[in-house]
Amino acid sequence: MDEHLFELAQKAEQARLQQAIDNRVRYQGESAEDCESCGIEIPSARRLAVPGCQTCFDCQSLREVRRG
Ligand SMILES: [Zn+2]
Numbered sequence: 014m015d016e017h018l019f020e021l022a023q024k025a026e027q028a029r030l031q032q033a034i035d036n037r038v039r040y041q042g043e044s045a046e047d048c049e050s051c052g053i054e055i056p057s058a059r060r061l062a063v064p065g066c067q068t069c070f071d072c073q074s075l076r077e078v079r080r081g
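The structure is reproduced here in C-alpha cells:
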C-alpha cells in the first residue's frame, strides 16, 4: 500500500476511535430516574444498560430520529 494512503487510513481510524470515546463520555454521569421528556419512570435495566441516560427508550428513539 502507498505509504501516504496508509498514513491517511491510520489517521481516519484514530479519528473514528476518538469519536467513539467522545460519544461514550457524553453518556457518563448519573442516570435519571424519570424520563426528562415525558416523566415516566425509566426502567432500572435501561438505566444500567445506558449509564447517564436522561430519557426513556421511546423518547430517546424520537430524539435520534429527529437528529437524523
Ligand atoms: Zn420518555
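With the numbering used here as the guide, the letters of the sequence shown map in order to residues 14 to 81. Note that beta-carbon positions come from the ideal geometry of N, C-alpha and C, so glycine has one too.
Could you have a look at residue i and say whether DSSP puts it in helix, strand or coil?
i, result
"Asp-71", "helix"
"Glu-54", "strand"
If residue i sits next to residue j, beta carbons under 8 Å apart, how far is it from one beta carbon to the other, in whole angstroms?
i, j, result
"Ile-53", "Ala-45", "Not really, about 11 Å apart at Cβ, beyond 8 Å."
"Gln-67", "Glu-49", "5 Å"
"Phe-1", "Arg-80", "Since the first and last residues shown for the chain are 14 and 81, residue 1 lies out of range."
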